[in-house]
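Asker:
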Ligand SMILES: Cc1cc2nc3c(=O)[nH]c(=O)nc-3n(C[C@H](O)[C@H](O)[C@H](O)COP(=O)(O)O)c2cc1C
């Protein structure tokens, strides 16, 4: 089976990058395949043009979507599942990933007469500087889940999972203390990603 990984972090010198690589190792060690979009590395354009905005806002299928958007949509439709890996920025995905949704989730693909394939599974894997208790206060974690699962992935994935790697701030000693166990957890996420999915 194949998972499309959408990865978004501005630096290779990051825990998130290591989590991504361990996750990939788990995917391949379990005999599965992956495709990767590394949004910063690709320099993926994430501002909508006026033309793109008017197309989607008016529920129109014309003009054709841009080639870079089409390429992302084809990656989705060639995969069985999707995984998003990113650091939490201001209780959201980095702006680059938010812009990826703005441009790739087009009318006629992700809504309207959808041509987007139903994903068997969608996994969100995030690193967060704050401890889990802080993310749970004010319902911050809940709001992240609601936006991803209640909106962006709503009706587009049969199974969903949200995994948080917390207390990863560089000033927090837990970042180093939990480093190896976090990498192991990411590897196991990859290793067991397709368990129970035929
Ligand atoms: C612009 C910015 C905004 C951030 N906002 C949050 C936040 O809202 N909640 C949180 O828990 N961590 C936040 N962080 C911390 C990052 O999530 C943390 O630095 C990252 O997960 C550490 O992992 P890394 O080594 O992969 O960068 C923010 C970091 C930056 C740079």
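In the working numbering, the protein residues as written are 10 to 207. Built from N, CA and C at the ideal position, the CB exists for glycine as well.
1. Considering only the alpha carbon of each residue, which of 200, 207 and 205 lies closest to residue 30?
2. Using DSSP with H/G/I as helix, E/B as strand and the rest coil, what is residue 33?
3. Could you tell me the alpha carbon to alpha carbon distance between residue 19 and residue 123, rounded to whole angstroms?
4. Within the same chain, show all residues whose beta-carbon is closer than 6 Å to that of residue 15, passing over the 5 residues directly before and after it, in chain order.
5. Report, in whole angstroms, the separation of the C-beta atoms of residue 32 and residue 195, which I expect to be a contact under 8 Å.
6. Near residue 106, what residues of its chain come up, given a Cβ to Cβ distance below 6 Å and the 5 sequence neighbours on each side ignored?
7. Kindly provide the ranges of any alpha helix (DSSP H) runs that are 4 or more residues long and lie completely inside the segment 80-110, ordered along the chain.
8. Which two residues bound the contiguous beta strand (DSSP E) that contains residue 131?
9. Which residues bound the alpha helix (DSSP H) around residue 190?
10. Could you tell me the distance, in whole angstroms, from the CA atom of residue 115 to the CA atom of residue 65?
11. Can the beta-carbon of residue 91 be found closer than 9 Å to that of residue 132?
12. With C-beta atoms as the reference, is residue 44 less than 9 Å away from residue 12?
13. When burial is assigned at 16 or more other CB atoms within 10 Å of the CB, is residue 24 buried or exposed?
14. Beta-carbon separation of residue 172 and residue 198 under 9 Å?
15. Compute the beta-carbon to beta-carbon distance between residue 110 and residue 161, rounded to the nearest angstrom, for a pair I have assumed lies under 8 Å.
16. Can you tell me which residues fall inside 5 Å of ligand 1, judged by beta-carbon distance to its nearest heavy atom, and keep chain order?
17. Given a cut-off of 9 Å on the beta-carbon distance, is the pair residue 191 and residue 28 in contact?
18. Could you compute how far the alpha carbon of residue 56 sits from the alpha carbon of residue 125?
Answerer: With the structure as the only source:
1. Out of 200, 207 and 205, the CA that lies nearest to the CA of residue 30 is found in 200.
2. Here residue 33 sits in helix by DSSP.
3. Their backbone Cα atoms lie some 31 Å apart in a straight line.
4. Contacts found: 46 and 93.
5. Their Cβ separation, rounded to whole angstroms, is 5 Å, which keeps residue 32 and residue 195 in contact under 8 Å.
6. For residue 106, the CB contacts under 6 Å within the same chain, skipping 5 residues up- and downstream, are 17 and 95 in chain order.
7. Taking only runs of at least 4 residues, no alpha helix (DSSP H) segment lies wholly in the segment 80-110.
8. For residue 131, the enclosing beta strand (DSSP E) covers residues 130-136.
9. Taken as a continuous stretch (DSSP letters only), the alpha helix (DSSP H) holding residue 190 covers 188-200.
10. For residue 115 and residue 65, the distance between alpha carbons rounds to 6 Å.
11. Contact: yes.
12. Closer than 9 Å, so yes.
13. So residue 24 counts as buried.
14. The answer is yes: Cβ separation under 9 Å.
15. With a contact defined as Cβ atoms closer than 8 Å, residue 110 and residue 161 qualify at about 6 Å.
16. Taking every residue with its beta carbon within less than 5 Å of a heavy atom belonging to ligand 1 gives, in chain order, 23, 24, 25, 96, 97, 98, 99, 100, 136, 137, 138, 139 and 177.
17. Result yes, Cβ atoms of residue 191 and residue 28 sit closer than 9 Å.
18. Between the C-alpha atoms of residue 56 and residue 125 there is a straight-line separation of about 22 Å.
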